[in-house]
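Shown next, in structure tokens, is the structure this report addresses.
Residue numbers (the UniProt record's numbering), protein chains in the order written: chain R, 1 to 222; chain Z, 1 to 222.
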């Protein structure tokens with residue numbers, strides 16, 4: 001990813017460029033997913049809610065694009081190496097129902113937030129501030145949580161199906177995340193630095209898994 | 001549309017509720033259209049540009065929703081009567097190419113801006129301020145204009161096809177707009193009040209047509 005740097009006025013490490021690049025493409029890709037899922041909404045207000053979530057992703061995308069541009073990096077160059085892994089995740093987890101869409105939005109948003117929270121310690125103040133802003137809870141998670149909780153109440157078979165779905169989402173996300181880290185030396189170094197340990201990557205993924213499990217239990221999908 | 005009013009704290013006429021309702025559903029529908037068209041973008045930056053345009057529509061939608069809510073009107077109720085006409089317009093003008101998408105985004109945004117500008121005179125200050133904000137040029141038109149202008153330079157057959165396309169867009173938009181006005185007494189009264197004339201509706205549509213023609217000439221599609 002060093003070729004993505006071109007006369008930037010501020011210093012930026014390749015690990016950070018890659019981190020922001022994955023995050024940016026994740027936002028663009030989430031926009032796509034949510035916009036498409038909005039069409040399957042059973043109500044007009046559900047449709048508007050998902051469309052608004054999608055719109056929020058593009059607001060974040062704009063912040064990330066500006067951050068990179070100020071450092072002489074084109075967001076397209078930063079995203080490109082990671083597109084196929086993010087696309088592979090989306091393709092392998094295309095929701096078939098409205099509730100699957102909501103569970104996916106909820107799971108992925110929180111997983112991304114956890115991941116970046118774990119890495120916050122190794123980022124400089126400005127980058128950390130950006131990441132925190134981009135991953136701040138916009139209240140959309142609460143919408144998904146409320147809808148899902150209402151739908152699964154007293155519906156054991158549905159709850160079981162969605163619990164299975166949430167485990168599959170986690171598995172596919174971690175699989176693609178591993179590919180991403182394997183292909184970016186800078187990102188791997190960042191994680192090792194953040195966790196202070198050579199076994200840091202495996203430990204990080206275990207931690208994400210535990211947080212996911214706890215969250216699913218709270219949602220009634222544990 | 002009077003049933004959409006339910007204990008609002010501020011006065012609002014049915015014509016204004018209908019006007020804001022059409023505008024709100026137009027935004028939600030444009031979000032859908034732009035999000036879908038973003039997938040056909042030939043470049044990653046074009047994809048992000050259209051996704052950002054789509055996101056901006058939802059920002060406007062949120063403003064309209066809040067405006068109605070403050071007056072005791074649910075945005076869903078205000079939009080519902082006009083959904084099928086807006087949907088009919090979108091269905092009859094689904095773009096088949098990236099350039100058709102851009103021409104459509106450009107034509108529709110400007111047509112809507114013209115329409116609301118013509119009606120601004122009959123709106124109270126607060127409503128007028130809202131409409132102006134929602135229809136303010138966000139620089140997205142400039143993007144579409146630039147891309148289209150570059151594409152048609154020295155490409156007469158392409159230019160002719162897109163000129164035909166822009167005429168079809170105008171025709172379909174005015175057809176559906178006529179249905180909308182025919183079904184909303186409040187909206188018809190608003191237009192007559194705004195143009196001060198019983199023949200106001202026909203005159204308004206003629207004016208929109210003229211402004212469209214001028215704009216297409218400026219774009220090289222006249």
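For each residue, glycine too, the CB sits at the ideal point set by N, CA and C.
Predicted model, so just to flag it, every value in this text is computed and none were measured.
Item: Coarse secondary structure for residue 4 of chain Z, derived from DSSP in three states; Value: Confidence at residue 4 of chain Z is low in this model, with a pLDDT of 46, below 50, so the placement of that residue should be treated as unreliable; the coordinate-derived value is given next. If DSSP states are grouped into helix, strand and coil, residue 4 of chain Z belongs with the helices.
Item: Beta carbon of residue 189 of chain R nearer than 8 Å to that of residue 46 of chain R; Value: no
Item: Pair within 8 Å by beta-carbon distance, residue 34 of chain R and residue 53 of chain R; Value: yes
Item: N- and C-terminal bounds of the alpha helix (DSSP H) containing residue 191 of chain Z; Value: 185-195
Item: Proximity of residue 93 of chain Z and residue 172 of chain Z at Cβ, strictly below 8 Å; Value: yes
Item: Cβ of residue 147 of chain Z within 8 Å of any chain R Cβ; Value: no
Item: Within chain Z, the residues that residue 39 of chain R reaches when beta carbons sit closer than 8 Å; Value: 32
Item: Contacts that residue 79 of chain Z makes with chain R (C-beta to C-beta distance below 8 Å); Value: 44
Item: Identity of the residue in R:70, R:40, R:201 and R:207 nearest residue 100 of chain R by Cα; Value: R:40
Item: Test: residue 6 of chain Z CB closer than 8 Å to a CB of chain R; Value: Interpretation of residue 6 of chain Z is limited by its pLDDT of 46, a score under 50 that renders its predicted location unreliable; no figure is taken from the coordinates.
Item: Contact list for residue 233 of chain Z against chain R, beta-carbon separation under 7 Å; Value: There is no way to answer for residue 233 of chain Z, as the model of chain Z reaches only from 1 to 222.
Item: Simplified DSSP assignment, three categories, for residue 206 of chain R; Value: helix
Item: 8 Å Cβ cutoff met for residue 116 of chain Z and residue 141 of chain Z; Value: no
Item: First through last residue of the alpha helix (DSSP H) which encompasses residue 94 of chain R; Value: No alpha helix (DSSP H) holds residue 94 of chain R; DSSP gives it neither H nor E.
Item: Proximity below 8 Å, CB of residue 178 of chain R to CB of residue 88 of chain R; Value: no
Item: For residue 70 of chain R and residue 168 of chain Z, the rounded distance between their alpha carbons; Value: 43 Å
Item: CB contact below 8 Å: residue 106 of chain Z versus chain R; Value: no
Item: Chain-ordered neighbours of residue 101 of chain R on chain Z, where CB pairs are closer than 9 Å; Value: Within chain Z, no residue comes near residue 101 of chain R; the closest Cβ sits about 14 Å away, beyond 9 Å.
Item: Chain-ordered chain R contacts of residue 64 of chain Z [CB-CB under 7 Å]; Value: Within chain R, no residue comes near residue 64 of chain Z; the closest Cβ sits about 11 Å away, beyond 7 Å.
Item: Residue 119 of chain Z versus residue 76 of chain R: straight-line alpha-carbon distance, rounded; Value: 41 Å
Item: Beta-carbon proximity of residue 114 of chain Z to residue 28 of chain Z, cut-off 8 Å; Value: no
Item: C-beta atoms of residue 81 of chain Z and residue 183 of chain Z nearer than 8 Å; Value: yes
Item: Cα-Cα separation, residue 59 of chain R to residue 128 of chain Z; Value: 26 Å
Item: Proximal residues, the stretch 8-28 of chain R versus chain Z, C-beta separation under 8 Å; Value: 28
Item: Neighbour-count burial assignment, residue 66 of chain Z, 16 or more Cβ in a 10 Å radius; Value: exposed
Item: Short Cβ contact (8 Å threshold) for residue 206 of chain Z with residue 110 of chain Z; Value: no
Item: Beta carbon proximity, residue 61 of chain R to chain Z, threshold 8 Å; Value: yes
Item: Below-8 Å beta-carbon distance, residue 52 of chain R vs any chain Z residue; Value: yes
Item: Nearest residue (CA-CA) to residue 166 of chain R, options R:213, R:203 and R:133; Value: R:213
Item: Cβ of residue 93 of chain R within 8 Å of any chain Z Cβ; Value: no
Item: Chain Z contact residues for residue 153 of chain R, given Cβ-Cβ distances below 8 Å; Value: Per Cβ cutoff of 8 Å: no residues; residue 153 of chain R is ~24 Å from chain Z at best.
Item: Coarse secondary structure for residue 154 of chain Z, derived from DSSP in three states; Value: coil
Item: Inter-residue spacing [alpha-carbon to alpha-carbon] between residue 202 of chain R and residue 18 of chain R; Value: 19 Å
Item: Chain Z residues whose Cβ lies nearer than 9 Å to that of residue 163 of chain R; Value: The contacting residues do not exist; residue 163 of chain R stays about 30 Å from chain Z at best.
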